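Student: To start, I am sharing the structure in question, which I have written as structure tokens.
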Amino acid sequence: MAALSLYNTLSRSKEEFRPIKGKHVGIYSCGPTVYNFAHIGNMRNYIIVDLLKRLLLHNGYNVKHVMNITDVGHLVGDANIGEDKVRLTAEHEHKSVHEVAKFYTGEFLKDMKRLALMEPEIMPKATDHIPEMLSLIEKLDRKGYLYTVNTGVYFDTSKFKNYGKLTGLTFDELNDYLISGARVKRASGIRNTTDFAVWRFSNPDEKDMVWQTPYGKGFPGWHIECSAMSMKYLGAHFDIHTGGIDHLPIHHTNEIAQSEAATGEKFVNYWVHIEFLQVNGKKMSKSMGNVYRIEDLIEKGYSACAYKYLVISAYYRSQLNFTFEALEGAESTLEGIYSFMSKVSNMNFMGKEEGNGTFAERAKSLKAEFFESLNNDLNTPTALSKLHSLISETNKAQKKGFSKADAKAVIDTLLEIDSVLGLGFSKYADREELPKAVSELIAEREESRKNRDYKRSDEIRDELRKKYSVVLEDTGSGPIWYREMPSSRKH
Ligand SMILES: [Zn+2]
7 MAALSLYNTL
17 SRSKEEFRPI
27 KGKHVGIYSC
37 GPTVYNFAHI
47 GNMRNYIIVD
57 LLKRLLLHNG
67 YNVKHVMNIT
77 DVGHLVGDAN
87 IGEDKVRLTA
97 EHEHKSVHEV
107 AKFYTGEFLK
117 DMKRLALMEP
127 EIMPKATDHI
137 PEMLSLIEKL
147 DRKGYLYTVN
157 TGVYFDTSKF
167 KNYGKLTGLT
177 FDELNDYLIS
187 GARVKRASGI
197 RNTTDFAVWR
207 FSNPDEKDMV
217 WQTPYGKGFP
227 GWHIECSAMS
237 MKYLGAHFDI
247 HTGGIDHLPI
257 HHTNEIAQSE
267 AATGEKFVNY
277 WVHIEFLQVN
287 GKKMSKSMGN
297 VYRIEDLIEK
307 GYSACAYKYL
317 VISAYYRSQL
327 NFTFEALEGA
337 ESTLEGIYSF
347 MSKVSNMNFM
357 GKEEGNGTFA
367 ERAKSLKAEF
377 FESLNNDLNT
387 PTALSKLHSL
397 ISETNKAQKK
407 GFSKADAKAV
417 IDTLLEIDSV
427 LGLGFSKYAD
437 REELPKAVSE
447 LIAEREESRK
457 NRDYKRSDEI
467 RDELRKKYSV
477 VLEDTGSGPI
487 WYREMPSSRK
497 H
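Going by our numbering, the sequence shown runs without a break in its numbering and finishes at 497.
Printed below as a string of structure tokens:
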């Protein structure tokens, strides 16, 4: 099994990944809060998670991936103050909270499909796991971690040893950090700024998504959802937890505190955080008018895979600046790869079908370097440079002379690489059947070349390109042809 190293936020260092249970890996990803469309920054996070999962599968592990759907309890501002995001949208859109959650869950799944992200094995909804949350709350209550104020039942963060260890700050430093940046507003009656609600009391007029429980009538806090659902499906102690870097100081810090306080065990071994996406060098915000969805990119004529390629071209722990120029570049590069796939798949080896396949060895070593880079904390920029070396070296080698075995090695390598990137290379890997008129023209051109009638030979080449989008190239192994990629772009 290839050795994967991952940067672990918990230790602030790159560590060799060792699963708890042999070949089985459990991953939990904080999923979407379904009160609005996911934007491209959210999707950056899920693209990287998908890459990590596919790499683990490629490395030979069995992966159980859990991603939750937050359909209740996530407040505006992420901390203790404000309204429930889903409920707020329901009011604005004059719909029921269930309708809102259902609609935006559907839209999120659509985006995942467009980006060819593998669906997680389990996608639990918060509203389906209230009993699990209550049993966790009960455990915390029995151990004396909770207290009640007029807005809900709170977790006393000062009682949990090493609270905030994920942030690298001490308890006091973290409290100061949250207050000073006005990152959280202190709810009235709470003991520490970092304390958070595990159960919130509802207003008397709230009817939807409200539960009558021994802890009062209300709904769960956002953080308790992820602890309850991750531990239900992956066990009290599991391998990897992922999320956007914005979740680190509050949401993930609180997940650790309440989970470990309840079970007395270490919650998660590896914490993987994905950096922010900026748009034109600025933070995405509604007021700036720079919040884009995958749908917006598609409407402007770009493909979802072009965005995925752009994301993969940057290291996940660096901020990524999204611009339409960069997206344009990603789209061209991707089209170039598709074109290359189609070309190598359609090479014609006139009489050299059984070459010695010397390039196959080189393809193999570049493939090894590609996966080595990915296994080095998902170093995608270096990995992609190996992919591009494979393409440019193939082009050079093929001009000198290539064999069927060489071509097959290149195609197989690209397909294996794509089993992890998920960019749809396989669509271009088929050997296309030549229409009769085309094969006749190619034969005629060969005949003209033999007779040194270069004028006719060039004419035929132009005709093939214009009429049939077929490009002919003369190489050391004889002519090859490929269909020119029709650009999918409308912009
Ligand atoms: Zn979460």
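Where is the CB? At the ideal position from N, CA and C, for every residue including glycine. Computed from a predicted structure; not experimentally measured.
(1) Going by C-alpha distance, which of Y151, F109 and S475 is nearest N260?
(2) Does DSSP classify Y474 as helix, strand or coil?
(3) Please report how far the alpha carbon of E212 lies from the alpha carbon of G112, in whole angstroms.
(4) Judging by CA-CA distance, which residue of I300, W217, M215 and V274 is the nearest neighbour of L172?
(5) Starting from the Cα of S454, find the closest Cα among A403, I466, G170 and I256 and give me that residue.
(6) I need the boundaries of the beta strand (DSSP E) containing M235, first residue and last residue.
(7) Which runs of the alpha helix (DSSP H) fall wholly inside the segment 315-391 and span at least 4 residues, in chain order?
(8) Please classify T176 as buried or exposed, where buried requires at least 16 other C-beta atoms within 10 Å of its C-beta.
(9) The alpha helix (DSSP H) spanning I448 covers which residue range?
(10) Just reading off the beta strand (DSSP E) that P485 is part of, what are its end residues?
(11) Rounded to a whole number of angstroms, what is the C-alpha to C-alpha distance between A320 and L340?
(12) Under 8 Å from any heavy atom of ligand 1, does the C-beta of G227 make it?
(13) Quick one: Cα of I448 to Cα of P441, how far?
(14) Would you call the segment 232-245 and the segment 133-153 touching, i.e. three or more CB-CB distances under 8 Å?
(15) Spatial neighbours of F43 within its chain, please: CB distance less than 6 Å, with the 5 preceding and 5 following residues excluded, ordered by chain position.
(16) Could you check whether the Cβ of H100 sits closer than 8 Å to any heavy atom belonging to ligand 1?
(17) Any chance you could list the residues with Cβ under 6 Å from a heavy atom of ligand 1, keeping chain order?
(18) What's the gap between the Cα of K272 and the Cα of H243?
(19) Give a yes or no on whether the C-beta atoms belonging to L61 and L333 are separated by under 9 Å.
(20) Under the three-state reduction of DSSP, which class applies to K402: helix, strand or coil?
(21) Run through DSSP, which three-state label would I300 get?
(22) Does the separation of the CB atoms of F202 and F166 fall below 9 Å?
(23) Please state if the CB of G249 and the CB of N51 are separated by a distance shorter than 9 Å.
(24) The alpha helix (DSSP H) that contains I136, what's its start and end?
(25) Would DSSP call E22 helix, strand or coil?
(26) Report back the beta-carbon spacing between I185 and V155 to the nearest angstrom; my notes put them in contact at under 8 Å.
(27) Ignore the nearest five residues each way along the sequence and tell me which others in E439's own chain have a CB closer than 7 Å to its CB.
(28) Which same chain residues end up closer than 8 Å to A336 when comparing Cβ atoms and leaving out the 5 residues on each side of it in sequence?
(29) Would you mind stating whether Y322 and P255 have Cβ atoms separated by less than 9 Å?
(30) Rounded to the nearest angstrom, what separates T364 and A403 at their Cα positions?
(31) Beta-carbon separation of Q264 and L146 under 9 Å?
(32) Return yes when the C-beta of K70 is under 8 Å from any heavy atom of ligand 3, and no when it is not.
(33) Taking all protein chains shown into account, decide if D383 is buried (16 or more other Cβ within 10 angstroms of its Cβ) or exposed.
(34) Within the chosen definition, does the segment 414-428 reach the segment 384-401 through at least 3 CB pairs nearer than 8 Å?
(35) So, is S475 buried or exposed, given that buried needs 16 or more other C-beta atoms within 10 angstroms?
Tutor: Let me spell this out:
(1) Position 254 of the sequence shown holds residue 260. Among Y151, F109 and S475, the Cα nearest to that of N260 is on Y151.
(2) Within the sequence shown, residue 474 is the residue found at index 468, counting from 1. Reduced to three states, the DSSP call for Y474 is helix.
(3) Here residue 212 corresponds to residue number 206 of the sequence shown, with the count starting at 1. Here residue 112 corresponds to residue number 106 of the sequence shown, with the count starting at 1. The alpha-carbon atoms of E212 and G112 are separated by roughly 25 Å.
(4) For the purposes of this step, residue 172 is identified with residue 166 of the sequence shown, where counting begins at 1. Checking every option, the nearest Cα to that of L172 belongs to V274.
(5) Counted from its first residue, the sequence shown places residue 454 at position 448. Minimum Cα distance to S454 is reached at I466.
(6) Counted from its first residue, the sequence shown places residue 235 at position 229. Unbroken run through M235 is the alpha helix (DSSP H), W228 to L240; no beta strand (DSSP E).
(7) 330-351 and 364-381
(8) By one-based count along the sequence shown, residue 176 stands at place 170. T176 should be labelled exposed.
(9) What you label residue 448 is simply residue 442 of the sequence shown in a count that begins at 1. Following the DSSP letters along the chain, one finds I448 inside the alpha helix (DSSP H) bounded by residues K442 to K456.
(10) Position 479 of the sequence shown, counted from the start, is the residue given in the question as residue 485. Segment G484 to R489, the beta strand (DSSP E) holding P485.
(11) For the purposes of this step, residue 320 is taken as the residue at position 314 of the sequence shown. For the purposes of this step, residue 340 is taken as the residue at position 334 of the sequence shown. Each residue's alpha carbon lies about 15 Å from the other.
(12) One-based indexing of the sequence shown puts residue 227 at position 221. Between ligand 1 and G227, a heavy atom-to-CB distance of less than 8 Å is absent.
(13) Sequence index remark: in the sequence shown, residue 448 carries index 442 (1-based). Sequence index remark: in the sequence shown, residue 441 carries index 435 (1-based). Rounded to whole angstroms, the separation of the alpha carbons of P441 and I448 is 11 Å.
(14) In short, these stretches touch, since the Cβ pair count reaches three.
(15) For this step, residue 43 is matched to residue 37 along the sequence shown. Hits under 6 Å: E113 and R299.
(16) Within the sequence shown, numbered from 1, the residue matching residue 100 stands at position 94. Checking every heavy atom of ligand 1 against the Cβ of H100, none is found closer than 8 Å.
(17) C36, C232 and H257
(18) Taking the sequence shown and counting its residues from 1, one reaches residue 272 at position 266. Taking the sequence shown and counting its residues from 1, one reaches residue 243 at position 237. Taking the CA atoms as reference points, K272 sits about 6 Å from H243.
(19) The count along the sequence shown starts at 1 and reaches residue 61 at position 55. The count along the sequence shown starts at 1 and reaches residue 333 at position 327. Contact flag unset, no.
(20) Along the sequence shown, one-based indexing puts residue 402 at 396. Residue state, collapsed to three classes: helix.
(21) Here the question's residue 300 lines up with position 294 in the sequence shown. Correct three-state label for I300: helix.
(22) Residue mapping note: residue 202 aligns to position 196 of the sequence shown, counting from 1. Residue mapping note: residue 166 aligns to position 160 of the sequence shown, counting from 1. Their beta carbons are not under 9 Å apart, which means F202 does not touch F166 by this criterion.
(23) As a first step, residue 51 must be located in the sequence shown, where it is residue number 45. As a first step, residue 249 must be located in the sequence shown, where it is residue number 243. In contact: N51 and G249 (Cβ atoms closer than 9 Å).
(24) The residue you call residue 136 lines up with position 130 of the sequence shown. Residues I136 to R148.
(25) Position 16 of the sequence shown holds residue 22. Correct three-state label for E22: strand.
(26) Your numbering for residue 185 matches position 179 in the sequence shown. Your numbering for residue 155 matches position 149 in the sequence shown. Actually they do not touch by this definition, with Cβ atoms about 18 Å apart.
(27) Your numbering for residue 439 matches position 433 in the sequence shown. Its chain contains no residue whose beta carbon lies nearer than 7 Å to that of E439 once the 5 sequence neighbours on both sides are disregarded.
(28) To locate residue 336, count along the sequence shown from 1; it is residue 330. Around A336: A312, Y313, Y315, L316 and S319.
(29) Locating residue 322 in the sequence shown gives position 316, counting from the first residue. Locating residue 255 in the sequence shown gives position 249, counting from the first residue. Cβ distance not < 9 Å, so Y322 and P255 don't count as in contact.
(30) As a first step, residue 364 must be located in the sequence shown, where it is residue number 358. As a first step, residue 403 must be located in the sequence shown, where it is residue number 397. If I take the Cα positions, the gap works out to 10 Å.
(31) For the purposes of this step, residue 264 is identified with residue 258 of the sequence shown, where counting begins at 1. For the purposes of this step, residue 146 is identified with residue 140 of the sequence shown, where counting begins at 1. It is a contact, given that the beta carbons lie within the stated cut-off.
(32) You won't find ligand 3 in this model; what it holds is ligand 1.
(33) Locating residue 383 in the sequence shown gives position 377, where the first residue counts as 1. Buried, because 16 or more other Cβ atoms sit within 10 Å of the Cβ of D383.
(34) yes
(35) For the purposes of this step, residue 475 is taken as the residue at position 469 of the sequence shown. Looking at its Cβ environment, which holds fewer than 16 other Cβ atoms inside 10 Å, S475 is exposed.
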